[in-house]
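K.L.:
Quick note: the sequence shown uses my numbering, first residue 39, plus one each step. Here a beta-carbon is modelled for each residue, glycine too, at the ideal position from N, C-alpha and C. Take this structure first; my questions come after.
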Amino acid sequence: METTSILPLLILISSLIPGILILLLREEQVPMRTFLNLFGAVAKVGLVAWVFAGYLRGEEYNYIFSLSPDLTFSLRVDQLGLLFAALSSVLWLVTTLYAIGYLEGGQHRRRFFAFFSLCVTASTGIALSGNVVTFFIFYEFLTLSTYPLVVHRGTDKAVEAGRTYLWYTIGGGTVLFLGVVGLFVIAGPIYFGQTEIIAGLVSEHKTQLTILFFLMLAGLAVKAAIFPLHGWLPVSMVAPAPVSALLHAVAVVKAGAFGIVRLVYDVYGIGTAEQMNLLTPLAVFAAFTIVYGSVRALFQDDFKKRLAYSTVSQLSYIALGVAITGVLSTTGAVVHLVHQGIMKITMFFAAGNVAETYGYYKISQLNGIGRRMPLTMGAFTIAVFGMIGLPPVAGFI
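Structure below.
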């Protein structure tokens, strides 16, 4: 049963309105800010759960606002989008609880939590986008809403990291924009799942469609941190631990990986992508990035930078799974999208706890830390076991 419903829009509004209201508060209005944060996070999880239950009953949720006959703002619930929305919503709630304590007594908390809410709005907007244009709008909104979080500390390193972040993400967004516009000119408005449109144009526009695919892939690969477009991620680790968790587990890198899955499966279609030989370069770069990120991580003494290069490596498993094109490999890629988020957010929370409790930021300082912080490092160890795929934890699956 198809349902034209405002529920997808409400999922976005549940974090958008708190974010705007928090910006209007004074810095000292802590109780109200905390209430808005938690209310929005709980409401978002509840709304996603409501839609999830309806989807299991066979309902289809769509919200469309026409900007012009050929240009529409479209929100749509499907399996992949709902999975990403659920991941973002749940991890936002968890990260909000962590950030409230982590940033207690810190500066610019109003700005932090406001843009944190806006960032998750962008993330869930990406998840629920029904067409390419809507996806692009939220994809760029994500860039703008995360920049204030990267530069949150206001130090010279933070400002430089923010500048690097913008160079990469705006550059990637520009390339993605060129691809989206070119696709719109050739194929018209593309809704996710309408792969027959591209398939019908291959014989006449194969060269143009190939160029547009790689333009969009390059734009998405920036946020997915695929080599050599990964440089923004390690330098962004000057941000507070909740921001690092957001970048790695909740929003930014996941948006890039999610976008690659959408591009291959829901825009071009896996059959057309294989027919046009588009996936071999993706597989090569993803495989190289897996090895490159792992090797670079081994030589990092900075705790968070080691985790950052680990993310560079781990995210490319998702891209590689998609590029291989098998049912099991793609299923594994999507499952890893969820599991990696849970494992990575745990690891960054642990790194943040160690830094705030003892002021340790380097691996070489951690000798004996497990005896002093058994719960924190116990959780970290479980997450690490999951990351290396040790049975029976999530990474093994």
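Helix, strand or coil for TYR398? Go by DSSP, reduced to three states.
P.N.:
Of the three classes helix, strand and coil, the one that applies to TYR398 here is coil, per DSSP.
K.L.:
Please state if the CB of GLN352 and the CB of ARG344 are separated by a distance shorter than 8 Å.
P.N.:
Result no, Cβ atoms of ARG344 and GLN352 do not sit closer than 8 Å.
K.L.:
Going by beta carbon distance, what residues of the same chain come within less than 8 Å of ILE44, once the five residues before and after it are set aside?
P.N.:
For ILE44, where only same-chain residues beyond five positions count, the Cβ hits under 8 Å are TYR101.
K.L.:
Using three-state DSSP, classify SER167 as helix, strand or coil.
P.N.:
In this structure, SER167 counts as strand in the three-state DSSP scheme.
K.L.:
Can you tell me whether TYR177 is buried or exposed? The criterion is at least 16 other CB atoms within 10 Å of its CB, across all chains shown.
P.N.:
Buried, since its Cβ has 16 or more Cβ neighbours within 10 Å.
K.L.:
State the Cα-Cα distance for the pair VAL223 and THR384, rounded to the nearest angstrom.
P.N.:
Straight-line Cα distance between these residues: approximately 44 Å.
K.L.:
Hey, VAL188 and TYR203: beta-carbon distance below 8 Å or not?
P.N.:
It is a contact, given that the beta carbons lie within the stated cut-off.
K.L.:
Identify whether ASN100 lies in helix, strand or coil by the three-state DSSP scheme.
P.N.:
Strand.
K.L.:
Would you please state the rounded distance, in angstroms, between the beta carbons of ALA371 and MET415? I believe it to be under 8 Å.
P.N.:
Not really, about 30 Å apart at Cβ, beyond 8 Å.
K.L.:
Examine chain C for any beta-carbon lying closer than 8 Å to the beta-carbon of LEU285, and answer yes or no.
P.N.:
Among the chains of the structure shown, chain C does not appear; only one protein chain is present.
K.L.:
Quick one: give me the first and last residue of the alpha helix (DSSP H) that THR233 is part of.
P.N.:
From DSSP, the alpha helix (DSSP H) with THR233 extends over 233–261.
K.L.:
Can you grab the Cα-Cα spacing for the pair TYR148 / LYS342, in whole Å?
P.N.:
First, the amino acid is wrong: residue 148 is Arg here, not Tyr. Rounded to whole angstroms, ARG148 to LYS342 spans 25 Å at the Cα level.
K.L.:
Output yes or no for whether 8 Å exceeds the beta carbon distance between THR162 and LEU50.
P.N.:
Against a cut-off of 8 Å, the Cβ pair of LEU50 and THR162 comes out as a contact.
K.L.:
Indicate whether THR184 and ALA289 have their beta-carbon atoms separated by less than 8 Å.
P.N.:
Cβ distance < 8 Å, so THR184 and ALA289 count as in contact.
K.L.:
Assign THR369 to one of two classes, buried (16 or more other C-beta atoms within 10 Å of its C-beta) or exposed (fewer than that).
P.N.:
Classification for THR369: exposed.
K.L.:
Which of the three DSSP states, helix, strand or coil, is assigned to THR41?
P.N.:
With a pLDDT of only 49 at THR41, under 50, the local geometry of the prediction cannot be trusted, and the value read off the model is given with reservation. Correct three-state label for THR41: strand.
K.L.:
Where do the ends of the beta strand (DSSP E) carrying THR110 lie?
P.N.:
Here the beta strand (DSSP E) through THR110 covers 109–114.
K.L.:
Near LEU61, which residues of its chain fall below 8 Å by C-beta distance, leaving aside the five closest residues on each side in sequence?
P.N.:
Only ARG148, ARG149 and ALA152 meet the Cβ criterion.
K.L.:
From LEU4 to VAL376, what distance separates their C-alpha atoms?
P.N.:
For the chain, the structure presents residues 39 to 435; residue 4 sits outside this window and is missing.
K.L.:
So the candidates are LEU320, SER112 and ARG95; which of them puts its Cα closest to the Cα of VAL262?
P.N.:
Looking at the sequence provided, one finds Ala at residue 262 rather than Val. Checked all of LEU320, SER112 and ARG95; the closest Cα to ALA262 is LEU320.
K.L.:
By how many angstroms is the C-alpha of GLN378 removed from the C-alpha of LEU250?
P.N.:
C-alpha separation (whole angstroms): 29 Å.
K.L.:
Between the C-alpha atoms of HIS146 and ARG191, what's the straight-line distance to the nearest angstrom?
P.N.:
The alpha-carbon atoms of HIS146 and ARG191 are separated by roughly 9 Å.
K.L.:
Is LEU125 closer than 8 Å to LEU47 when the C-beta atoms are compared?
P.N.:
Cβ distance not < 8 Å, so LEU47 and LEU125 don't count as in contact.
K.L.:
Name the DSSP beta bridge partners of ASP340, please?
P.N.:
Paired residues: LYS400.
K.L.:
What whole-angstrom Cβ distance do TRP130 and THR207 have, given they're in contact under 8 Å?
P.N.:
Not really, about 20 Å apart at Cβ, beyond 8 Å.
K.L.:
Leaving out the 5 sequence neighbours to the left and right, which residues in its chain are closer than 6 Å to ASP304 when beta-carbon positions are compared?
P.N.:
Excluding positions up to five away in sequence, the list reads PHE230 and GLY231.
K.L.:
Thinking THR327 and PHE265 are a contact (beta carbons under 8 Å), I'd like their distance in whole angstroms, please.
P.N.:
Yes, THR327 and PHE265 are in contact; Cβ-Cβ is about 4 Å, under 8 Å.
K.L.:
Let me make sure I understand the geometry here. Which of GLY210, LEU413 and PHE215 has the alpha-carbon closest to that of PHE174?
P.N.:
For the residues GLY210, LEU413 and PHE215, the minimum Cα distance to PHE174 belongs to PHE215.
K.L.:
Decide if GLU40 is buried, meaning its Cβ has at least 16 other Cβ atoms within 10 Å, or exposed.
P.N.:
Any reading at GLU40 must be qualified, since the residue scores a pLDDT of 46, below 50, and its modelled position is unreliable; the value itself is stated next. When all chains shown are included, GLU40 counts as exposed.
K.L.:
Are LEU156 and LEU63 touching if we call contact CB-CB under 8 Å?
P.N.:
No.
K.L.:
Cα separation between VAL302 and LEU255?
P.N.:
Going from the Cα of VAL302 to the Cα of LEU255 covers about 9 Å.
K.L.:
Ignoring anything shorter than 3 residues, give me the beta strand (DSSP E) runs that lie fully in the segment 120–151, in order along the chain.
P.N.:
Segments of the beta strand (DSSP E) lying fully in the segment 120–151: there are none.
K.L.:
Determine whether the beta carbon atoms of TYR347 and GLY331 lie at a separation below 8 Å.
P.N.:
In contact: TYR347 and GLY331 (Cβ atoms closer than 8 Å).
K.L.:
The alpha helix (DSSP H) that contains TYR206, what's its start and end?
P.N.:
Here the alpha helix (DSSP H) through TYR206 covers 194–225.
K.L.:
Identify which residue in GLN246, LYS82 and ALA91 has its Cα closest to the Cα of VAL218.
P.N.:
Of the candidates GLN246, LYS82 and ALA91, the one whose C-alpha sits nearest the C-alpha of VAL218 is GLN246.
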